[in-house]
Amino acid sequence: MMNRFKLNSFYQKDKSEMKVKRLRQTIILACEETGERIYLTSKNKRNTPERLVLKKYSPKLRRRAIFKEMK
């Protein structure tokens, strides 16, 4: 029994090693024309600090429209 406890403590990581800073952030995209919010995506905060603007399909308009990142 003692060996089992020693092995478990060997495989446990230090809490300082386990902390991870998340670079990817989940964002919501909202349509400029209709205001609908139907798309979720993620972006890297370090590589793209400005707000994301994408052309996506809008079911209400039945065509592609500009979707902007909202906070």
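With this note's numbering applied, the sequence shown has no gaps in its numbers, which climb one by one up to 74 at the end. Glycine is no exception: its CB is placed at the ideal position from the N, C-alpha and C atoms.
Reference Pro62; option with closest CA among Arg40, Thr29 and Arg27: Arg40
The beta strand (DSSP E) spanning Glu39 covers which residue range? Here Glu39 belongs to no beta strand (DSSP E), and DSSP marks it neither H nor E.
In the DSSP assignment, find the beta strand (DSSP E) that holds Lys63 and state where it starts and stops. No beta strand (DSSP E) holds Lys63; DSSP gives it neither H nor E.
DSSP state of Val56, grouped into three classes? strand
Excluding the 5 residues preceding and the 5 following Thr37 in the sequence, name in chain order all residues of the same chain whose CB lies nearer than 7 Å to its CB. Ser61, Lys63 and Leu64
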